[in-house]
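In the working numbering, the protein residues as written are 1 to 609.
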C-alpha cells in the first residue's frame, strides 16, 4: 500500500515495479490514473447538474483550458462527453453537455440521478467536481385563495439531512403566463431566510421540508398552479424547482436545480444530441390525460387513472397526491401511498370529487417517482360544484326565422300541420349554478307544456312549429327558466307571437311583369308562381300592421333552373339572394329578416336573372 500525500489537483498516473536486493527490476505495471479534483469547484467556477433534463452546465471557465470534457461517475460506470471549448468572445465562460449549444455524451446519455459524481476536466487533466444531491420538490398545493405550499426532501450524498441553508425552492412561470403581480418577474423563491416564501424542515431530523408562500393575487395563483380563469383563459403550470446551493453556498460554485414541470423532459437533447439513453431505467405513463367529473352538490362517483411502469427497471413511487388550485375538493380513494413498481406493473388510482364551493373546481392528480424522462406526471382534474339554491333568471325568449331552413309541408287537408322552423333563443342566466334550461310554450293560449325538444345547457333551439291556416292561425308564447339540476329558477315569459300565412294568390301581393301560376302539391297552398324575365317583381304590400315583434320569412323553391333575385324590405337596400341548388328543394327559406312591432312592412322581390 502506498499513500501519496498532499498531491496537487490534477490527473496523476502511477506505475509499479518490483525489485530485489541486487536491484533486479520486474516489468513495470500498467499505468493507473487518479484524479484529484477541486471539490467543490473554486470560486469563479460554477458547476450545475440539471438531473431532470440530464444535462450539466458550467460557467466561468477560460479558453486557456480548452478543450474541456464532462464526466459522470457512479459505482461501476463512468460516462464521458465529447470535448467542447469555451468561445473566445464569451465573457461567461459557458460550456454544457446535452443541452442546445453544448456538446453531447459519448456512447450513452446517462439518466442523471442523486449520488452521481459530476466533473468537468480541462486539457491538462485539472478537474472540478460536484455531485448530484437528493433535493426534490413537488407540485404546488393551494392552502387558500392567496397562498400555497410545496413539499420536498433534501439529503446529502451520504444520506444525511442537508443543512437548511443549502436548500431552496423556486417557482418559474411559463413564458406565456405573463409576469407575476407579486414582483413583475417570472420567478418567486423560498429559503430558510425568507425572500418570497419561507422554507423549513417539517420536524427536527426530518429530510422533508415545506415551502410556504402567502399574499399572492388570484391571477398569480393561477399562473403558478395552472388552470382556467373565469374568462376561460388557460394557464400552464409553473415549474417547481428544488434548489441545492452547494456545500459552500456563499461561494456559488455548485448549484443544482431538480425541476418539476410539464415541459421538463430528460434524455438526449435532440436534434444535436442523439446518443441513446441508458437502459434499463424506469419510465412512466399516467393516463388518461384529463379527468372530468359531473356537476354535483355532494360527492361524485370515483374516476380512475392508470400509472404504469413502461421502463425496464423498478420504479420508486414517492408520493401520489392532489395538487393545484382546489386540492381539498378531491380525494384519492385508491392507489395512494409510496411503493416500488416492477417493470411493466400497473397501478389504478381512483379519485372522488366533493366540491367545497360553487362553480369550477380544478386541481391535479400528481405522482412523484424516479421515472426517467417523465418528471411531471400530473392529470388535470375538473368538476363543477353546484348548490341546492335556485339559479337566477334567464333572458327573455325571442322567436325568429332563419334563412337556409326548410318548411315541412303537410299536403292536402293536413296543411295546417305544416311545420315551420323557428329559432328560439335567450340570454343566459349568469351563474355557475346553471346546469340546464327548461323551455315551455303555450299554443293558442292553452296551458303551458314543455317544447318537444329541450335545449339542455344551450341558450337556443330550433323548433318545428305547426303553422295553422289563414282561417285558423296558431299563436305561440314561450317561457324559459334556468335549472340547477332539479332546482328551478324563475320563469321569464315572452310576448305571444303568431304565424300569418301570405300565399302567392293572396290579395296582399302585387305582381309586375309575367309570372306563371303552377299547381304544386308540395307547396303550401298547392301552387307556386315563377318568372324567368329580368326586371319582373312581386311585392308584399304592407296592409296589415305587425302588432307583435316577429320575423318575415320568404318561402320558395330552389333548384338547378333558379337564379338570382334581390329582396328589399320597406324599400331599404336590396339584398341579393341566390335560388340556385344542384337539386330541387321545395319550401326552402332563402331569406328571412327580423322586424319590429307596430309597423306595416313591405317586401319587394325583383328577378335579376
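Just so it is clear, CB atoms sit at the ideal spot from N, CA and C, and this is done for glycine as well. On a predicted model such as this, the values are computed, not experimentally measured, just so you know.
- Residue 297 holds the alpha-carbon nearest to the alpha-carbon of residue 356 among 231, 76, 120, 297.
- Short of 6 angstroms from the beta carbon of residue 103, and not among the five residues preceding or following it, lie these beta carbons of its own chain, in chain order: 81, 82, 84, 97.
- A check of alpha carbon separations from residue 247 across 155, 234, 285, 475 identifies 155 as the nearest.
- If the five residues before and after residue 147 are omitted, its C-beta is found closer than 8 angstroms to the C-beta atoms of 212, 213, 214, 215, 216, all from its own chain and listed in chain order.
- For residue 366, same chain residues with a beta-carbon under 6 angstroms away, outside a window of 5 residues either side, are 139, 321, 323, 378 in chain order.
- The beta carbon of residue 436 sits closer than 6 angstroms to the beta carbons of 456, 457, 483 from its chain, once the five residues preceding and following it are set aside; these are given in chain order.
- Excluding five sequence positions before and after residue 316, the CB atoms of its chain that fall closer than 7 angstroms to its own CB belong to 340, 369, 370, given in chain order.
- Closest by C-alpha distance to residue 209, out of 237, 162, 234, is 162.
- Residue pairing of residue 361 in beta bridges, as defined by DSSP: 383.
- Secondary structure within the region 475 to 547: the beta strand (DSSP E) runs of 3 or more consecutive residues, fully enclosed, are 475 to 484, 509 to 512, 516 to 519, 527 to 530, 537 to 540 (chain order).
- CA-to-CA, the gap between residue 516 and residue 441 works out to about 40 angstroms.
- In the three-state DSSP reduction, residue 415 falls in the helix class (H, G or I).
- A direct Cα-Cα distance of roughly 7 angstroms separates residue 475 from residue 496.
- Contact annotation: residue 396 and residue 494 have beta-carbon atoms nearer than 8 angstroms.
- Excluding sequence positions up to five before and after residue 342, its CB lies within less than 6 angstroms of the CB of 314, all in the same chain and listed in chain order.
- A contact between stretches requires three or more CB pairs, one per stretch, nearer than 8 angstroms, and the region 295 to 310 fails this requirement with the region 116 to 134.
- Membership of residue 225 in the alpha helix (DSSP H) is indicated by the continuous run 218 to 225.
- For residue 477, the CB contacts under 6 angstroms within the same chain, skipping 5 residues up- and downstream, are 442, 496 in chain order.
- When the five nearest sequence neighbours on each side are left out, no beta carbon in the same chain lies closer than 6 angstroms to the beta carbon of residue 263.
- In this structure, the CA atom of residue 292 is about 20 angstroms from the CA atom of residue 347.
- The Cβ atoms of residue 312 and residue 279 lie closer than 8 angstroms to each other.
- Fully contained in the region 334 to 358 is no alpha helix (DSSP H) run of length 4 or more.
- Residue 130 carries a strand assignment under DSSP once its states are collapsed to helix, strand and coil.
- Between residue 608 and residue 572, the beta carbon gap of about 17 angstroms keeps them out of contact (Cβ cut-off 8 angstroms).
- Of 51, 16, 393, 47, the smallest CA-CA separation from residue 374 is found for 51.
- DSSP places residue 452 outside both helix and strand once states are collapsed to three, so it counts as coil.
- Straight across, the Cα-Cα distance linking residue 485 with residue 201 is about 46 angstroms.
- Beta-bridge analysis with DSSP links residue 57 to 48, 96.
- Per the DSSP secondary-structure output, residue 171 pairs in a beta bridge with 188, 240.
- According to the DSSP assignment, residue 200 belongs to the beta strand (DSSP E) that extends over 197 to 201.
- A distance below 7 angstroms between beta-carbons, with the five flanking residues on each side excluded, links residue 582 to the following residues of its chain, in chain order: 560.
- Under DSSP, residue 368 forms a beta bridge with 319.
- Note on residue 23: under 16 other CB atoms within 10 angstroms of its CB, so exposed under the neighbour-count rule.
- The three-state reading of DSSP puts residue 116 in coil, since its state is none of H, G, I, E or B.
- Contact check for residue 48 against residue 56 passes: the beta carbons are separated by less than 8 angstroms.
- The alpha carbon of residue 330 has as its nearest neighbour, out of 309, 345, 362, the alpha carbon of 362.
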